[in-house]
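*Asks:* FYI, our numbering numbers position 39 of the sequence shown as 55, with every residue one higher than the one before it. For each residue, glycine too, the CB sits at the ideal point set by N, CA and C. What follows is a structure written as structure tokens; I'll ask about it next.
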Amino acid sequence: MDQLIQLFRALSDETRLRIVMLLTEGELCVCDLMAVLEEPQSKVSRHLTYLKYSGLTSSRRVGVWMHYSLNEPTNGIYKAQLNLLKKQLSHLPQFRKDMQKLKDLKKQGDCKASIKFRAAR
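Here is the structure:
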């Protein structure tokens, strides 16, 4: 029961919901999330930390950049809630817009931050 309560608390914020929806598409760099959400790094990182603390996400460092992904649900109820969430939210305009922006970013290739980093060297 505690895991389910923690899940709902983590998803009680619009930005965190948007992040979770984006991460259903796979691992993403913080810079990609910033670009899609049009939010500063500090805000995105704060929400990612909350999601990680809640057990929803995990991270790994790639050079100087952090990449985040959703953890595989281990609880059947937990998994069902995430599947239901994705199904229901995917019809809302904001989430469709986010997914389109992510798709456009992926077409451009490498994450925005790593491109800027390499150009600055």
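1) Look at the alpha carbon of leucine 67 and the alpha carbon of glutamine 97, and state the distance between them as a whole number of angstroms.
2) Looking only at its chain, what residues have a beta carbon closer than 6 Å to the beta carbon of leucine 33, apart from the 5 residues adjacent to it on each side?
3) Okay, do the segment 42-58 and the segment 87-96 touch, 3+ Cβ pairs below 8 Å being the bar?
4) Taking tyrosine 84 and leucine 39 to be in contact with their CB atoms under 8 Å, please state how far apart those CB atoms are, rounded to whole angstroms.
5) I believe glycine 71 touches glutamine 22 by the beta-carbon criterion, under 8 Å. Please report the beta-carbon distance rounded to the nearest angstrom.
*Replies:* So, from the listed chains and residues:
1) So the alpha carbons of these two residues sit roughly 15 Å apart.
2) Counting only Cβ-Cβ distances below 6 Å, and skipping sequence neighbours, we find Leu27.
3) no
4) About 6 Å separates the two Cβ atoms, so the contact holds.
5) Confirmed, about 7 Å.
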